[in-house]
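Asks: Can you keep this structure in mind? I'll have questions shortly.
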Amino acid sequence: MIITLNEENNIVDCIQSAKKISDDIIIVDSGSKDQTVALAKNQGARSFAIEWSGFGYARNFGAWQAKNDWILALDADERISDELAASIKKISFSEATRIYKFRRRNYLNGKKILFGTLGFENVKRIYNRQHCKWDLTPVHEKLIGDNLTLKGIKGQVLHYGLKDLADYKAKAKLYARLSAEKYFLQGRKTYLLKKYFSAIFNSSKSYFLQLGLLEGTQGLMIAAMVAYYSWLKYFYLLQLVRQAKKKDLSFELRSKMKAAS
Numbered sequence: 003m004i005i006t007l008n009e010e011n012n013i014v015d016c017i018q019s020a021k022k023i024s025d026d027i028i029i030v031d032s033g034s035k036d037q038t039v040a041l042a043k044n045q046g047a048r049s050f051a052i053e054w055s056g057f058g059y060a061r062n063f064g065a066w067q068a069k070n071d072w073i074l075a076l077d078a079d080e081r082i083s084d085e086l087a088a089s090i091k092k093i094s095f096s097e098a099t100r101i102y103k104f105r106r107r108n109y110l111n112g113k114k115i116l117f118g119t120l121g122f123e124n125v126k127r128i129y130n131r132q133h134c135k136w137d138l139t140p141v142h143e144k145l146i147g148d149n150l151t152l153k154g155i156k157g158q159v160l161h162y163g164l165k166d167l168a169d170y171k172a173k174a175k176l177y178a179r180l181s182a183e184k185y186f187l188q189g190r191k192t193y194l195l196k197k198y199f200s201a202i203f204n205s206s207k208s209y210f211l212q213l214g215l216l217e218g219t220q221g222l223m224i225a226a227m228v229a230y231y232s233w234l235k236y237f238y239l240l241q242l243v244r245q246a247k248k249k250d251l252s253f254e255l256r257s258k259m260k261a262a263s
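Residues in the sequence shown are numbered consecutively from 3, following the working numbering.
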């Protein structure tokens with residue numbers, strides 16, 4: 003199951019990699035203006051159009067269009083590696099409450115990233131739709147359910163979502179704003195020291211503890227973007243808190259999530 007919006011440059015390669023493990027490929031499109039849907043259908047995928055109501059809603063909608071209960075959730079800029087495909091084929095799928103996780107290998111400027119924040123990502127993407135679903139938080143949605151267990155499998159999904167520094171920065175701004183909305187709905191507070199401490203700690207962790215320095219200039223760039231993202235999400239959170247004092251912003255955001263459910 004793949005969620006899309008104007009992904010004509012990615013969708014064919016993504017679908018072809020998904021064919022390594024399934025012949026039932028679902029596209030959930032939220033209003034593409036390019037050839038995404040036509041290309042997907044040409045590749046044999048089934049396409050469904052929705053109005054955008056968040057990542058979790060789109061993934062849940064797509065899961066229930068599938069022919070099978072076991073779902074693999076992908077983004078259009080991801081590709082299933084041969085090793086991951088082999089690992090998936092070995093799963094017995096006998097434990098319905100189990101979620102499977104695997105590594106995500108990020109690429110930046112066309113280069114594979116092995117260290118730093120981008121070098122140590124794991125994603126939880128294989129699950130049984132009868133026993134869990136995605137929550138409806140604005141960003142970094144998670145699988146939720148009762149008595150779930152987690153197991154890692156070998157292999158990687160290859161992620162080509164970061165073209166260059168400008169693209170990385172644009173995505174950092176988008177996800178920082180969505181994270182701020184999520185924190186606001188959770189009732190989190192923001193403080194001046196926290197805003198700066200978070201940026202310093204997370205960038206230092208990326209560069210030193212996660213050995214981002216071994217990536218050379220790109221490792222330094224990644225650490226800088228981690229600092230920028232960490233600072234910006236608390237900056238946006240402070241803006242939301244201030245706006246809420248003028249009007250009931252929390253009601254507006256919760257209404258969006260309720261409508262999406």
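Glycine is no exception: its CB is placed at the ideal position from the N, C-alpha and C atoms.
Measure the C-alpha to C-alpha separation of R48 and K153 and round it to an integer number of angstroms.
Replies: Whole-angstrom Cα-Cα distance: 29 Å.
Asks: Rounded to a whole number of angstroms, what is the C-alpha to C-alpha distance between G157 and D15?
Replies: Computed Cα separation, rounded: 18 Å.
Asks: Since I believe G214 is in contact with G58 (beta carbons under 8 Å), could you give me their beta-carbon distance rounded to a whole number of angstroms?
Replies: At roughly 30 Å, the Cβ-Cβ gap does not stay under 8 Å, so G58 and G214 are not in contact.
Asks: Can the beta-carbon of Q220 be found closer than 8 Å to that of L110?
Replies: Yes, these two residues count as a Cβ contact at 8 Å.
Asks: Jot down the residue ranges of each uninterrupted alpha helix (DSSP H) in the stretch 3-75, minimum 4 residues, whole runs only, in chain order.
Replies: You should have 13-20, 38-44, 57-65.
Asks: Could you have a look at Y109 and say whether DSSP puts it in helix, strand or coil?
Replies: In the structure shown, Y109 sits in a strand (DSSP, three-state: E or B).
Asks: Do E123 and R105 come within 8 Å of each other at the CB atom, strictly closer than that value?
Replies: In this structure, E123 lies closer than 8 Å to R105 by Cβ.
Asks: Span of the beta strand (DSSP E) holding G157?
Replies: Its beta strand (DSSP E) spans residues 151-164.
Asks: Rounding to the nearest angstrom, what Cα-Cα distance links N11 and L180 in this structure?
Replies: Those two C-alpha atoms are separated by around 25 Å.
Asks: By DSSP, does E183 sit in helix, in strand, or in coil?
Replies: The answer is helix: DSSP assigns E183 an H, G or I state.
Asks: Let me confirm a value: E217 is counted as buried when at least 16 other C-beta atoms fall within 10 Å, else exposed. Which label applies?
Replies: By the neighbour-count rule (16 or more Cβ atoms within 10 Å), E217 is buried.
Asks: With 16 as the cutoff for other CB atoms within 10 Å, does A168 come out buried or exposed?
Replies: Under this definition A168 is an exposed residue.
Asks: Confirm, please, whether the CB-CB distance from S24 to T6 is below 8 Å.
Replies: Going by C-beta atoms, T6 is not nearer than 8 Å to S24.
Asks: In whole angstroms, give me the CA-to-CA distance for T192 and L242.
Replies: Taking the straight line joining both Cα atoms gives about 10 Å.
Asks: Measuring alpha carbon to alpha carbon, tell me which of I73, L164, L145 ends up nearest G112.
Replies: Minimum Cα distance to G112 is reached at L164.
Asks: Taking DSSP's pairing of strands, which residues face I128 in a bridge?
Replies: In the DSSP output, where bridge partners are listed per residue, I128 has L74, Y102.
Asks: Excluding five sequence neighbours on each side, which residues of the same chain lie with their C-beta closer than 8 Å to the C-beta of I202?
Replies: So the list reads A229, once near-sequence residues are dropped.
Asks: Would the beta-carbon of L164 be found less than 7 Å away from any heavy atom of the ligand MG?
Replies: Here there are no bound small molecules, and the ligand MG is not part of this structure.
Asks: What number of angstroms, rounded off, separates the C-alpha of D71 from the C-alpha of I90?
Replies: In a straight line, the C-alpha of D71 is about 15 Å away from that of I90.
Asks: Grab me the residues of I101's own chain with a C-beta within less than 8 Å of its C-beta, minus the 5 sequence neighbours each way, in chain order.
Replies: Here the set comprises K126, I128, Y129, C134, L145, L150, T151, L152, K153.
Asks: Work out the CA separation of Y162 and Y236 for me, nearest whole Å.
Replies: Answer to the nearest angstrom: the Cα atoms are 27 Å apart.
Asks: With distances taken between CB atoms, is the gap from I115 to M3 smaller than 8 Å?
Replies: No, the pair does not count as a contact, with Cβ atoms beyond the cut-off.
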